[in-house]
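Following this note's numbering, the numbering of the sequence shown begins with 126 at its first residue and continues without gaps.
Structure first, then comments.
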Amino acid sequence: MLKDNYDTLALQVSEGRLTIQRSRFLSFAYKITSVNEAMAIVTEMRSKTYFDARHVCYAFRLGVEGEISKSDDNGEPSGTAGKPILGRILSLGLSDVLVIVVRYFGGIKLGTSGLIKAYGESAELALVAGGVQQVILYDTITVAYEPNLTGTVMNLINKSGGAIAEMGYNTGLSTVEFIIRKGESEKILEKLNSIFGVSAKKVLPLQSQLGKT
Numbered sequence: 126m127l128k129d130n131y132d133t134l135a136l137q138v139s140e141g142r143l144t145i146q147r148s149r150f151l152s153f154a155y156k157i158t159s160v161n162e163a164m165a166i167v168t169e170m171r172s173k174t175y176f177d178a179r180h181v182c183y184a185f186r187l188g189v190e191g192e193i194s195k196s197d198d199n200g201e202p203s204g205t206a207g208k209p210i211l212g213r214i215l216s217l218g219l220s221d222v223l224v225i226v227v228r229y230f231g232g233i234k235l236g237t238s239g240l241i242k243a244y245g246e247s248a249e250l251a252l253v254a255g256g257v258q259q260v261i262l263y264d265t266i267t268v269a270y271e272p273n274l275t276g277t278v279m280n281l282i283n284k285s286g287g288a289i290a291e292m293g294y295n296t297g298l299s300t301v302e303f304i305i306r307k308g309e310s311e312k313i314l315e316k317l318n319s320i321f322g323v324s325a326k327k328v329l330p331l332q333s334q335l336g337k338t
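If you want it as structure tokens, here you go:
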């Protein structure tokens with residue numbers, strides 16, 4: 126079955142605070158929907174909110190499979206900031222998430238391992254504070270059929286777990302629009318369209334969020 130769900134933050138924004146060897150790490154986790162949104166937040170943090178900080182590092186991950194990701198060290202040694210931030214997003218299995226960690230240098234160098242640990246822990250503090258919410262993707266399907274096939278069509282929809290959104294009648298045909306998990310949509314489309322007198326097609330997908338326990 127096509128993957129149609131993933132975990133993201135429950136809160137829109139969450140924060141964390143960490144001090145190591147007088148360096149202050151301020152971490153922020155955001156629920157995001159696009160690369161442009163992520164970069165706009167990063168730009169705002171770097172140019173305005175925390176313009177006086179030594180480093181403003183980040184990582185983000187987007188998509189059902191987390192297929193889009195990016196990280197940036199912002200002047201820290203390569204691989205010591207952005208990568209551990211992204212690593213914590215991955216370890217928690219989250220997507221559609223941006224994490225920014227702001228560092229105010231305290232005068233004591235932390236070394237490579239110290240930086241990796243500090244940025245990773247800072248990122249996790251903000252992510253854990255944000256909680257977890259499951260996102261489930263849905264498709265909307267519309268069906269036109271001969272009125273005498275109502276029982277057959279409704280039976281298939283009910284068995285597939287679809288939820289009826291609207292029913293009607295148009296130019297001699299009965300119509301129904303229903304919502305179903307994206308992972309099940311191709312299967313139900315194939316079954317419906319295999320019936321003579323039935324025409325089913327997918328319309329714009331919907332997205333629903335359900336709290337994860």
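Note that beta-carbon positions come from the ideal geometry of N, C-alpha and C, so glycine has one too.
- Following the DSSP letters along the chain, one finds Met170 in no beta strand (DSSP E), marked with neither H nor E.
- Contact annotation: Ala178 and Val224 have beta-carbon atoms that are not nearer than 7 Å.
- Annotation: the continuous alpha helix (DSSP H) that includes Arg213 extends over 207 to 216.
- Contact check for Gly188 against Ser159 fails: the beta carbons are separated by 7 Å or more.
- Distance between Gly287 and Ile305, taken at the CA atoms: about 5 Å.
- Spanning the alpha carbons of Ser194 and Asn318 requires a straight line of approximately 38 Å.
- For Ser285, the secondary structure class from DSSP, reduced to helix, strand or coil, is helix.
- The continuous alpha helix (DSSP H) containing Gly308 extends over residues 307 to 318.
- Residue burial annotation: Ile157 is buried, with at least 16 other C-beta atoms found within 10 angstroms of its C-beta.
- For Val189, there is no enclosing alpha helix (DSSP H), as DSSP marks it with neither H nor E.
- Around the beta-carbon of Ala251, 16 or more other beta-carbon atoms lie within 10 Å, marking it buried.
- Nearest in C-alpha terms to Leu127, of all of Glu190, Met164, Val138, Arg171, is Glu190.
- Exclusion of the five residues before and after Tyr229 leaves Ser148, Arg149, Ala178, Arg179 as the residues of its chain whose Cβ lies within less than 7 Å of its Cβ.
- When the five nearest sequence neighbours on each side are left out, the beta carbons in the same chain lying within less than 7 Å of the beta carbon of Gly293 are those of Thr300, in order along the chain.
- For the 7 Å CB-CB criterion, Ser285 and Ile266 do not form a contact.
- With contacts defined by Cβ atoms closer than 7 Å, Asp197 and Tyr183 form a contacting pair.
- With a beta-carbon spacing of about 4 Å, Leu240 and Thr205 fall inside the 8 Å limit used to define contacts.
- Annotated as distal: Tyr155 and Pro209, with beta-carbon spacing of 7 Å or more.
- If you draw a straight line from the Cα of Thr275 to the Cα of Phe321, it is about 13 Å long.
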